[in-house]
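In full-length UniProt numbering, the protein residues as written are 1 to 1034.
Even glycine gets a Cβ: it sits at the ideal position worked out from N, Cα and C.
On a predicted model such as this, the values are computed, not experimentally measured, just so you know.
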């Protein structure tokens, strides 16, 4: 590393007495020499230069996915194909799945041989093991290709499976499948599922719930949310198909109309003890009804006959219950250490208007309606549901439930009519009308998902209402009720939905598994339902995809090869839509093209941002630190870990969750909280399925889930790393840099694919962080780092005992958007605010006033960057975060720079510049001190022009004053500064990027505020000719 002559002189004088090869002074041993050097350095007050941040390449495991599926050697390969391909089988208990596999068969097909044709019975589930199967639909007299099924993909409509289970199996009406090449097919009869339910009745509930969940999350999500289809999903001829014939006594009561009921007093005062407007039962109460045991040591009970398979059989049913009620039962898991549950300050989901139910009861009408509903449920005895129903009347126009409501109920229409509507852009589409004898709300009750449409009373109506908890209690005693209720949903679906259900696929990819490779043919698009995907090229990471994002859309519609390789960062669920199916939908419904164009427009903007970032990484990846921070957007899960026992990890996690609450619903999960909720033995192998399912449900209903790791590499810690989109490694910044045993174990044995961020905690009285580079250098590759100020009490060893006092003290400051925890929360949710200061000479000093106004308006600043004078202003804010302190330092800088005497002393022979730069260097050093960029409180970057390679340079680490000086170097006035890293010559960044907004965007800022003080346009131009004399212009 180069030094000036003035800097070299003390070192030379200090080491000169020890540099003789033939010393006249006898040095007896190395110890004397070493001690002499130490003494001389102390006498001359030589300071050790700060450690420089080492440049590290992105590890290979973050860039490459696994193209092969791991096969369990303990099971036949056909079993594993079936398990990993048909998503719903992954939700079964192992005994149920293994019992099903004994019915499995293998079929060989020759080229052009039909697997099934129109008119064949629709009663098999197929999985392609080798070869390829083409799926066709009959459209008029022609066959249209809708999907190409390759190895590892399935051919089955789960709606057809439901038909078999309900005894309504039908032949293929418009779908056929033919082998393109010689193929091997694994097939499982749908009837075998029904047979197994005789031995495992509790699993019936689970499979029906998963079929309904696939219908809502995959089919409806893809067709409505992305393609804009609504009415097309419902069969218009089946809107009233659920009308039931009145029971034997109903003819008497049909004379009582809804209008009369609304205006008449109650005929009978007998009512149920729980009012229809009563409070919603908590899960603890529901669990009492179900008698669900949360610990394997506690025997499970049933209200009816004891099942033959023992207590493990109820895992499927318990998982179904937990999915249905997990939206109401997470207070224990996201409550803070003080004991009060955290409140969500910004509700991400919509809530319905309060329905105005009018108390009403007519005993004879009630009994007849209950009998009709019992007939729909397939119950011989109506007494099983009588005590679970409330009767009420509603006025026309009353909103029964709104789209997105979290607490659905079942409604049976005694009289009147309910209308189901759905928002579709600027219009409201009517999906179906539920008339007398029909049921509404069953899809959301079965799945536990928010309601998919808005239900309104079209006219005065009388309803029977069943709470979700009551329905699951009924289902506990009579599992087959779920089949009849699901059949009412399927009966409303259009032929189009039944048709494409064969082509849509619901796929799960394990962490590291590759979806497709670069330059492969683009044959489908993916929609991320849960988890996270990463797109990479040979140059490095290009982008990441979170929940709800589409993958491969542009490649598909350009009919070109894949431009990226994409693999799963963690276990991920996606909806797969084949290219042929998209073409088929466009032919049937041309209106979907408008939605596709809107999706493509958004994707083009995202791709352009990715391309800019990829180009910058390709050029500057050796110099730029933190260039991938923008990939941590749309994060759903965050793992928090530390290997230092002095770090109050619980308090830190609670405060991160508290700060994240302003951005949506948040949950914190720790091992003790999960055990308290699911039982002490939940982390054992036999409960793996139940734990995985429950964690997935929690992630579905929360904007962010925080996984707090244990202090050791336990099963829970591995689970947290496996579930994480992002990993926060927490350490005490004021202590000596170190890397604990847990981090070493993770690096060596459990390397996660999620991007890691280092968080350093500092005492609230600390002025400036220091030696950050040492913390970063001893670790592997990190995405970026954060400095967080915390109360001094939190840095003490007994901090956990004072957590109540600490939380209160932290939250006094964290209510402000300017707090460090709030800044970290915005980074996690992809809502960081960046500010960019442009170049403009002395006018740039006025940019401090802009910062003052932002603070006064309550607008936070999470990232700063600048060019020329803007780099100095940004450096001052990132270092001090106080406008008054900035003004003091800037005034002193201006005062020193305005001295004519110092300028005269700095004049030199103008070989490279008029001034030597010594005086200017000194002024900048006195202003920003000997600070490293990585030691600043706020992420910072400076822009300079690299004369050596004629490129822009982005400086995010290293000596602050040197890179500010480089960014402010006007050629001709000052000589270029030599970059101590590579020896390149740096000058003013304004020559290449005077307002680096693009850099701030590619570094993770969602909103960028730009201040350009050098953009004054002068339209009064003058032609000076081909040359100009300075004397003439004066």
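Give the single residue among the options whose Cα lies nearest to the Cα of residue i.
{"i": "residue 456", "options": "394, 494, 426, 475", "result": "394"}
{"i": "residue 985", "options": "971, 466, 146", "result": "971"}
{"i": "residue 107", "options": "512, 173, 179", "result": "179"}
{"i": "residue 588", "options": "652, 649, 499, 215", "result": "499"}
{"i": "residue 435", "options": "428, 420, 171, 449", "result": "420"}
{"i": "residue 143", "options": "967, 486, 601, 173", "result": "173"}
{"i": "residue 580", "options": "563, 600, 559", "result": "559"}
{"i": "residue 460", "options": "493, 731, 413, 786", "result": "413"}
{"i": "residue 427", "options": "408, 231, 527", "result": "231"}
{"i": "residue 556", "options": "378, 526, 835", "result": "526"}
{"i": "residue 524", "options": "743, 506, 541, 539", "result": "506"}
Straight-line CA distance for residue i to residue j?
{"i": "residue 117", "j": "residue 365", "result": "49 Å"}
{"i": "residue 155", "j": "residue 105", "result": "15 Å"}
{"i": "residue 372", "j": "residue 481", "result": "14 Å"}
{"i": "residue 53", "j": "residue 941", "result": "15 Å"}
{"i": "residue 166", "j": "residue 663", "result": "44 Å"}
{"i": "residue 711", "j": "residue 762", "result": "20 Å"}
{"i": "residue 844", "j": "residue 909", "result": "29 Å"}
{"i": "residue 219", "j": "residue 501", "result": "7 Å"}
{"i": "residue 551", "j": "residue 882", "result": "43 Å"}
{"i": "residue 1027", "j": "residue 935", "result": "49 Å"}
{"i": "residue 886", "j": "residue 929", "result": "13 Å"}
{"i": "residue 312", "j": "residue 694", "result": "Only weak support is given to the placement of residue 312: the predicted model assigns it a pLDDT of 41, under 50, and the question is left unresolved by the model."}
{"i": "residue 168", "j": "residue 363", "result": "35 Å"}
{"i": "residue 514", "j": "residue 65", "result": "5 Å"}
{"i": "residue 665", "j": "residue 109", "result": "51 Å"}
{"i": "residue 186", "j": "residue 98", "result": "15 Å"}
{"i": "residue 639", "j": "residue 651", "result": "14 Å"}
{"i": "residue 330", "j": "residue 367", "result": "Residue placement at residue 330 is poorly supported in this model, since its pLDDT is 46, which falls under 50; the coordinates are not used for a value here."}
{"i": "residue 856", "j": "residue 880", "result": "17 Å"}
{"i": "residue 773", "j": "residue 791", "result": "24 Å"}
Where does residue i fall in DSSP's three states?
{"i": "residue 551", "result": "strand"}
{"i": "residue 777", "result": "helix"}
{"i": "residue 955", "result": "strand"}
{"i": "residue 229", "result": "coil"}
{"i": "residue 694", "result": "helix"}
{"i": "residue 124", "result": "strand"}
{"i": "residue 1028", "result": "coil"}
{"i": "residue 455", "result": "strand"}
{"i": "residue 427", "result": "strand"}
{"i": "residue 709", "result": "coil"}
{"i": "residue 104", "result": "coil"}
{"i": "residue 514", "result": "strand"}
{"i": "residue 725", "result": "coil"}
{"i": "residue 156", "result": "coil"}
{"i": "residue 1020", "result": "coil"}
If you measure between the beta carbons of residue i and residue j, is that distance less than 8 Å?
{"i": "residue 637", "j": "residue 724", "result": "yes"}
{"i": "residue 567", "j": "residue 512", "result": "yes"}
{"i": "residue 634", "j": "residue 765", "result": "no"}
{"i": "residue 510", "j": "residue 537", "result": "no"}
{"i": "residue 819", "j": "residue 826", "result": "no"}
{"i": "residue 573", "j": "residue 508", "result": "yes"}
{"i": "residue 385", "j": "residue 370", "result": "yes"}
{"i": "residue 127", "j": "residue 150", "result": "no"}
{"i": "residue 190", "j": "residue 164", "result": "yes"}
{"i": "residue 225", "j": "residue 177", "result": "no"}
{"i": "residue 520", "j": "residue 532", "result": "no"}
{"i": "residue 1012", "j": "residue 995", "result": "yes"}
{"i": "residue 997", "j": "residue 836", "result": "yes"}
What are the complete alpha helix (DSSP H) segments, minimum 4 residues, inside the region 838-911?
847-856, 869-880, 883-897, 900-906
Return the chain-ordered ranges of every beta strand (DSSP E) run that is complete within the region 394-447 and spans a minimum of 3 residues.
399-401, 410-415, 418-424, 427-434
Ignoring anything shorter than 4 residues or poking outside the region 555-611, list the alpha helix (DSSP H) runs there in chain order.
579-588
Along the chain, which unbroken stretches of the beta strand (DSSP E) at least 3 residues long are found entirely within the region 169-195?
175-179, 183-189
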